[in-house]
Amino acid sequence: MTTSSVNSLALLKEKIETREARIGIVGMGYVGLPLALLFSGERFRVTGFDVAADKVSKLNSGGSYIVRILPSAIQQAQKSGFRATADYSEIAAMDAVIICVPTPLNEHHEPDLSYVTGTVASIAPHIHPDQLIVLESTTYPGTTEEIVAPMLEAGNPHGLKVARTLDQPGVHVAFSPEREDPGNDTVARHDIPKVVGGCGPAATELASALYGAIFRRVVQVSSPSVAEMSKLLENIYRCVNIALVNELKQLCMRMGIDIHEVIDAAKTKPFGFQAFYPGPGLGGHCIPIDPFYLSWKAKEFDFRTRFIELAGAINTDMPYFVIAQLAEALNDRSRSIKGSKILVLGLAYKRDIDDLRESPSLTIIELLRAKGALVAYNDPYFPTVGHGRHYDLNMTCTPLDNLAQYDAVLIVTDHSTYDYRAIVKQSKLVVDTRNATKGIDAKNIVRC
Ligand SMILES: NC(=O)c1ccc[n+]([C@@H]2O[C@H](COP(=O)([O-])OP(=O)(O)OC[C@H]3O[C@@H](n4cnc5c(N)ncnc54)[C@H](O)[C@@H]3O)[C@@H](O)[C@H]2O)c1
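Per my numbering, the sequence shown starts with residue 54, numbered consecutively.
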C-alpha cells in the first residue's frame, strides 16, 4: 500500500470517527430519508439529494411527506446541518455518497435501472479521489461492478479510477443493501445488521466504518455481487414462502381447514420453521419486484429461476382469487358483482403504512370496476388516490359510516386503527383476506 493511499484512507476513517465526514444521500424516499435522519442523529452533516423539487422544498422548510417521519425529526436533523438540494455539483463537497433511488420493473417486467444510471451519470462529473460511493438500491448481482463503477470512471473529467486494490488511488465504490421493513417496530433500525461489499478492500473498510457509526453490526462480504445477491436471497425467500402459504390456504379452504390455525400450530416448533401468512397478493416496492431482477439476470447465464417464476404466478393470481371468493359470497346472497356496492378497506400494501406501491388493493379495485361493481374505499393514510404507473383510480376516501349500504365490505389491508368488531356488526357481508376478524364469531364473515 502506498503511503498516500494509507494516509487518505486513515483520514477519511478519522473524519467518520470525529463526525466531520460530510454525507450525501441521493434519493430522499422511504429508504434515503430515514437513513439521512439516522446519520444526522449521530451528528453527521447530511445533504439529501433529490430530483423532486417539492420534496426538496418540503424538507428545507422542516416538513415531512412520509407519515411515520414527523416534521420535528426533520427539524431536529436540520440542527445537525441537514438540508436537501437538487444541485449535483454539491456532490463534490461530500466525503461519502449513498445512492437510494428506485429500482422498478419496466412494462416488459424487466429491470429498469434508469434511476440508478441517471443518478450515476449526474454524480460522476463531481466525484473526487478517496470519496466513498455506496449503492443501496436493490438490484441484480453485477450492477455495482458492471454498471456503476464503469460509469463513474467514464463520466468524470479527471480520468479518476475506481480503487480496486489497497495501493490503487481512486474513488471507493461499494454495495450495501437496505433491509428496512416499514411498519415493523419489533427491531430498531440500528439493530439490523448491515451487509457491505466493496469493489476493493479499502471500499469495504470505509463503508464498514461509515455504517459502523449508525448500525451495531456490519457484515463484510467479499464483493458487491455477494452483497447484491444476499439482498435478493432474502426477498426471494419471503416471496417463495408467501406463495407457499397462499397456495396452501386455497387447499385448506377446500378441505375446510383454517390455514391460520395451522400456521399458529406450526410456528410453535422452535427450529426449522418460520411463519409466513397468506393474503390478497404481494405489494410494496420489494417483494413483488426484486425477484424478477434475478430472473432477468439469470437468462444471461442460460438459467431459469423456476421457484421465482412459480411463486410469482401464485402471488400474482391472489387478487383474482379474492375476486372469485367475493363473487361466490355475493352469489350465496343472490347478488352479482355487477351492480353491487363494495367498500374496499385499506389501500396500503400492508398494515399501518402510507405506501401503496404495487398494492393488491389497486388491482382488486380495478378488477371490481371492470366487472361493474360500484367501488368505494377507506384508508386513513390516503385521503385520495389518483393514478400511478399501473393504475388509474381517481377516488376519494369514503368515511366509515353507514356500512349497511354496501353489499360487501372487503378487508384488503388490516390497519390496526380499524374497529373490526364494529365493522362486522354494521356490515351485511365482510370478506376478510387478512384474518383481521380473527376471534369474531359472526355469520356475515367470509374469510379467504
Ligand atoms: N421502501 C422499502 O421498504 C425498501 C426496503 C429495502 C430496499 N428498498 C430499495 O431501496 C431503493 C429505494 O426505494 P425507496 O422505497 O426509498 O424509493 P422511493 O421511491 O420512496 O424514493 C426514491 C427517491 O429517489 C428520488 N430520485 C429518483 N431519481 C433520482 C435521481 N436521479 N436523483 C436523485 N433522486 C432521485 C425520487 O424522487 C424519490 O424521492 C429501491 O431500490 C428499493 O428497492 C426499499
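Glycine residues also receive a C-beta, built at the ideal position from the N, C-alpha and C atoms.
Spatial neighbours of residue i in its chain, beta-carbon cut-off 7 Å, leaving aside the 5 residues before and after
i: P178; result: G208, N209 and P210
i: F360; result: V293
i: V120; result: D407 and Y434
Length of the line joining the Cα atoms of residue i and residue j
i: D165; j: S276; result: 23 Å
i: V293; j: R357; result: 15 Å
i: T466; j: G399; result: 4 Å
i: D485; j: P452; result: 19 Å
i: A146; j: R75; result: 7 Å
i: N299; j: Q327; result: 15 Å
i: V499; j: G392; result: 20 Å
i: S412; j: I418; result: 10 Å
i: E198; j: D244; result: 28 Å
i: A423; j: I295; result: 27 Å
i: S480; j: E160; result: 39 Å
i: T369; j: C305; result: 19 Å
i: A495; j: D311; result: 16 Å
i: A105; j: A139; result: 8 Å
i: D183; j: I476; result: 59 Å
i: S348; j: K284; result: 14 Å
i: R269; j: K68; result: 19 Å
i: V274; j: V215; result: 18 Å
i: R136; j: S110; result: 10 Å
i: R442; j: Y373; result: 20 Å
Among the options, nearest to residue i - alpha-carbon criterion
i: V79; options: L304, I144 and R217; result: I144
i: T170; options: L188, K68, T490 and L482; result: L188
i: E281; options: E163, G250 and I200; result: G250
i: L219; options: Y430, T257 and V201; result: T257
i: I316; options: A139, F329, R72 and L347; result: F329
i: Y471; options: P433, G82 and A105; result: P433
i: S93; options: E73, L446, A457 and D311; result: E73
i: I340; options: T156, D405 and R269; result: T156
i: N488; options: Q479, S480, S175 and L463; result: L463
i: R232; options: S278, L286 and I180; result: L286
i: D385; options: D445, Y444 and A461; result: A461
i: L65; options: A255, V438 and G439; result: A255
i: A63; options: P331, L263 and K320; result: L263
Residue i classed as buried or exposed, judged by whether at least 16 other C-beta atoms fall within 10 angstroms
i: P194; result: buried
i: N288; result: buried
i: T172; result: buried
i: V483; result: buried
i: F324; result: exposed
i: S261; result: buried
i: M81; result: buried
i: T71; result: exposed
i: G439; result: exposed
Close beta carbons around residue i, own chain, < 6 Å, minus the five adjacent residues each side
i: G85; result: I78 and C153
i: L185; result: A149, H225 and L259
i: Y459; result: K394 and L396
i: H338; result: R410
i: M371; result: N299, P333 and G334
i: S133; result: S93 and R96
Spatial neighbours of residue i in its chain, beta-carbon cut-off 8 Å, leaving aside the 5 residues before and after
i: L123; result: S117
Identity of the residues DSSP links to residue i by a beta bridge
i: N431; result: L398
i: Q273; result: V249
i: I505; result: This structure cannot speak to residue 505, because the chain is shown only from 54 to 501.
i: V438; result: M448
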